[in-house]
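J.: Count the sequence shown with the working numbering and you get residues 3 to 59, in order.
All C-beta atoms, glycine included, are put in the ideal place defined by N, C-alpha and C.
Here the structure is a predicted model, which is why all the values come from computation and not from measurement.
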Amino acid sequence: MGHLEEIHVRVPFNATVAQIQKISADLRNLLSNELTLIQEASDGNRQAIYIIAYRYM
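1) How far does the alpha helix (DSSP H) with residue 38 in it extend, from its first residue to its last?
2) Are the CB atoms of residue 13 and residue 22 nearer to each other than 8 Å?
3) How long is the line joining the alpha carbons of residue 28 and residue 47, rounded to whole angstroms?
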């Protein structure tokens with residue numbers, strides 16, 4: 003059985019470019035850490051598909 007995890011991050015409509023870049027970098031690091039944990043927990047035999055979507059309000 004698969005595992006689904008969603009993370010929703012609210013980005014204010016008036017966010018600066020620097021703020022958006024910081025959020026993006028933080029999410030990229032989180033994703034990298036998650037992928038590492040999945041691989042370590044499964045001895046490299048587990049696959050994962052991640053979809054990253056942005057929706058600005």
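T.: On the basis of the data shown:
1) 19-43
2) yes
3) 26 Å
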